[in-house]
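Every letter in the sequence shown is one number past the one before it in the working numbering, and letter 484, counting from 1, is 630. Cβ atoms here follow ideal geometry from the backbone N, Cα and C, with glycine treated the same way.
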Amino acid sequence: MSVPPSAVSTHDVTNQVPPLDGFDPLACDPALTDALRREGAAPDLGVLAAAVGSAEYREHARLANVHEPVLHTHDRYGHRIDEVEFHPSWHALMRLSVANGLHGTAWAEGSHVARAAGFYLVSTLEQGHCCPISMTYAAVPPLRGTRWEAGLTTRVYEPGLALGKRGQLAGMSMTEKQGGSDVRTGTTRATPQPDGTYTLVGHKWFTSAPMNDLFLTLAQAPGGLTCFVLPRVLPDGTRNALRIQRLKDKLGNRSNASAELEYVDAVGWRVGEEGRGVPTIIEMVSMTRLDCVLGAAGTTRAALSEAANHVAHRSAFGARLADQPLMQAVVGELAVESEAATTLALRLAGAVERGETAFLRLALPAAKYLVCKRTSAVVGEALECLGGNGYVENSPMPRLFRESPLNSIWEGSGNVTALDVLRAVARSPESVDAVLDEIDLAQGADARFDRTLSVLRTELQHAEPRRARRLAELLTLCLQGSLLLRTAPVEVSDAFLAGRLQPDGPWRTAGTLPEGIPAKPLLERVTPTL
């Protein structure tokens with residue numbers, strides 16, 4: 147006897163995980179909230195956090211990446227326009243971050259720590275739009291006292307090309323195809339003009355967010371490599387000669403346009419002295435490196451939230467995943483990695499707030515090296531926790547995985563930042579003292595930490611290029627270990643030390659902690675509540 151089709155139920159949905167919509171990202175992130183208290187910052191992040199966790203803005207994040215920017219070099223009549231069209235969701239994300247002062251506002255009216263916390267939060271939401279936000283933040287110091295400063299520090303988002311806009315955004319256009327990170331080899335030429343401006347001719351290989359209002363760039367002037375600011379609109383209201391050749395087809399960061407720009411006698415204003423281009427932009431590079439650490443920590447936290455939410459609601463082999471010891475060990479260790487990254491990122495923001503220049507000179511490139519580099523491994527592990535559900539494109543995980551290498555490459559990839567650590571050790575002994583003073587605050591608290599600190603001191607005495615990565619990693623692990631020993635619950639610091647500071651080497655894969663480290667509290671500490 148056949149069964150009527152209506153009696154067969156093949157489409158009942160059971161044992162599936164609810165989307166992470168409407169959660170409070172602050173309630174499940176004690177590393178962030180505790181760091182804000184330690185730094186003496188009490189920003190009202192409630193409205194921003196509600197947006198970050200909402201279904202509305204999570205959908206904006208998805209749409210901005212599905213509907214990628216489109217380049218229009220000419221209008222329908224053949225006029226050169228060099229415009230990039232963005233989806234409305236991109237503008238919604240930009241408006242959110244600008245309205246919350248996450249771009250240049252901190253230099254004028256706010257706390258750098260509060261701004262860092264907000265930037266970290268929006269990084270958990272969508273990473274592409276954070277690029278123009280970060281570059282604007284970093285551009286303010288070299289442009290202090292210029293006609294452009296006021297527009298970069300307002301809370302007004304005004305997309306489009308116009309003269310006299312209240313709110314403006316800045317970008318960077320440094321690298322060229324023949325040199326990449328070796329910016330001193332750039333061939334762009336700047337010719338001084340009688341009115342004090344310069345005309346620039348050259349081809350820049352990477353310019354992110356080409357729709358920003360002005361760009362800091364490097365060019366060879368008569369006196370050597372020099373920094374210039376090039377607005378898209380000149381004082382007489384005409385377009386500057388910045389030609390977009392093409393948009394880059396990137397692995398990730400798909401919502402954000404990265405372009406090749408050609409200068410065809412573009413008009414620029416000198417920033418700093420001729421021949422001092424690199425020193426002029428050093429502070430800008432430092433601020434964007436801070437945002438690389440914050441952005442990597444945010445990406446890590448976003449992946450952790452997805453994994454923790456999944457295992458809290460998914461069952462297999464007769465038990466909820468979050469109750470199974472091995473899954474607890476895996477996600478618990480991801481939580482520790484996230485907490486270490488977030489704690490160090492906010493400590494660096496506090497150093498910016500207090501002007502701890504010596505500390506930042508060494509700690510920032512070291513942190514940028516390791517925190518950013520760890521992100522890909524953490525996101526990959528988090529994706530695996532979701533199994534096949536994390537591998538399909540209508541999950542947030544593929545986008546997070548594509549984003550995960552970005553901050554490790556931006557503003558100096560691994561070798562560049564590791565060698566910068568080496569230069570700081572060689573040229574700035576006060577930086578070594580400042581970082582060791584911070585690390586030493588936890589000396590005597592744990593034998594594993596003390597042993598690793600001794601190894602670090604030996605490594606500092608024998609620093610050489612071949613070992614630059616080892617030094618950067620040791621420095622960062624010791625900084626994170628010191629911070630967690632002093633500020634985190636014992637189960638967090640113990641898990642961090644057990645997985646990374648053992649004599650047989652640092653963490654290999656998640657879920658391999660020694661026996662006796664309780665994982666369940668680590669997982670419960672970071673699980674979102676729906």
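Range of the contiguous alpha helix (DSSP H) that encloses residue i
i: Met543; result: 543-549
i: Thr384; result: Here Thr384 belongs to no alpha helix (DSSP H), and DSSP marks it neither H nor E.
i: Cys524; result: For clarity, residue 524 is Val in the given sequence; the question names Cys instead. Where Val524 is concerned, the enclosing alpha helix (DSSP H) stretches over 503-531.
i: Asp180; result: 176-184
i: Leu298; result: 295-298
i: Phe642; result: 636-646
i: Gly192; result: 192-198
i: Arg243; result: With the sequence shown as reference, residue 243 is identified as Ser, and Arg is not the correct amino acid for it. Segment 234-245, the alpha helix (DSSP H) holding Ser243.
i: Asn553; result: 552-555
i: Leu307; result: No alpha helix (DSSP H) contains Leu307, which DSSP labels as neither H nor E.
Pair within 8 angstroms by beta-carbon distance, residue i and residue j
i: Gly657; j: Ala475; result: yes
i: Arg646; j: Ala564; result: no
i: Tyr303; j: Val244; result: yes
i: Ala468; j: Leu625; result: no
i: Leu506; j: Val517; result: no
i: Asn399; j: Gly526; result: no
i: Tyr409; j: Thr334; result: yes
i: Ala449; j: Leu546; result: yes
i: Ser235; j: Leu194; result: no
i: Leu492; j: Ala634; result: no
i: Glu557; j: Thr445; result: no
i: Pro551; j: Met430; result: no
i: Ala580; j: Pro511; result: no
i: Asn386; j: Leu380; result: yes
i: Val439; j: Glu483; result: no
i: Leu130; j: Leu620; result: Residue 130 cannot be examined here, being either before or after the span of the chain that is shown, 147 to 676.
i: Arg594; j: Gln648; result: yes
i: Leu309; j: Val198; result: no
i: Val329; j: Thr321; result: yes
i: Gly441; j: Cys276; result: yes
i: Ala504; j: Ser404; result: no
i: Gly421; j: Gly348; result: no
i: Leu630; j: Thr489; result: yes
i: His237; j: Pro305; result: yes
i: Ala239; j: Ala207; result: As written in the sequence, residue 239 is Leu, which differs from the Ala given in the question. Contact: yes.
Endpoints, beta strand (DSSP E) assigned at residue i
i: Thr682; result: Examination of residue 682 is not possible in this model, given that the chain is present from 147 through 676 alone.
i: Met320; result: Note, Met320: premise wrong, no beta strand (DSSP E); not H, not E.
i: Gln391; result: 388-393
i: Thr219; result: 216-220
i: Ile663; result: No beta strand (DSSP E) contains Ile663, which DSSP labels as neither H nor E.
i: Val230; result: 226-231
Cβ neighbour criterion (16 or more within 10 Å) applied to residue i
i: Leu178; result: buried
i: Val216; result: exposed
i: Val538; result: exposed
i: Asp566; result: buried
i: Glu205; result: exposed
i: Lys350; result: buried
i: Lys323; result: exposed
i: Gly496; result: buried
i: Thr270; result: buried
i: Asn540; result: exposed
i: Asp640; result: buried
i: Val638; result: buried
i: Pro356; result: buried
i: Pro674; result: buried
i: Asp221; result: exposed
i: Thr655; result: exposed
i: Thr384; result: exposed
i: Asp592; result: buried
i: Ile428; result: exposed
i: Gln366; result: buried
Checklist entry - Do the stretch 405-417 and the stretch 336-344 make contact, defined as three or more Cβ pairs closer than 8 angstroms? => result yes
Checklist entry - Residue ranges of each alpha helix (DSSP H) run of no fewer than 4 residues wholly in the stretch 416-480, ordered along the chain? => result 423-459
Checklist entry - Can you give, in chain order, each stretch of the beta strand (DSSP E) that sits fully within the stretch 309-367 and has at least 3 residues? => result 316-319, 335-338, 344-354, 360-367
Next on the checklist: For the pair the stretch 569-587 and the stretch 519-535, tell me if three or more CB-CB distances fall below 8 angstroms.
Outcome noted: no
Item to check | Runs of alpha helix (DSSP H) wholly within the stretch 558-613 (minimum 4 residues, chain order) | outcome: 560-573, 575-585, 593-607
Item to check | At least three beta-carbon pairs within less than 8 angstroms, the stretch 273-290 to the stretch 316-327 | outcome: yes
Next on the checklist: With three or more C-beta pairs closer than 8 angstroms as the rule, is the stretch 454-465 touching the stretch 160-171?
Outcome noted: yes
Next on the checklist: Please give the ranges of any alpha helix (DSSP H) in the stretch 266-292, keeping only runs that are unbroken, at least 4 residues long and fully inside the region.
Outcome noted: 276-285
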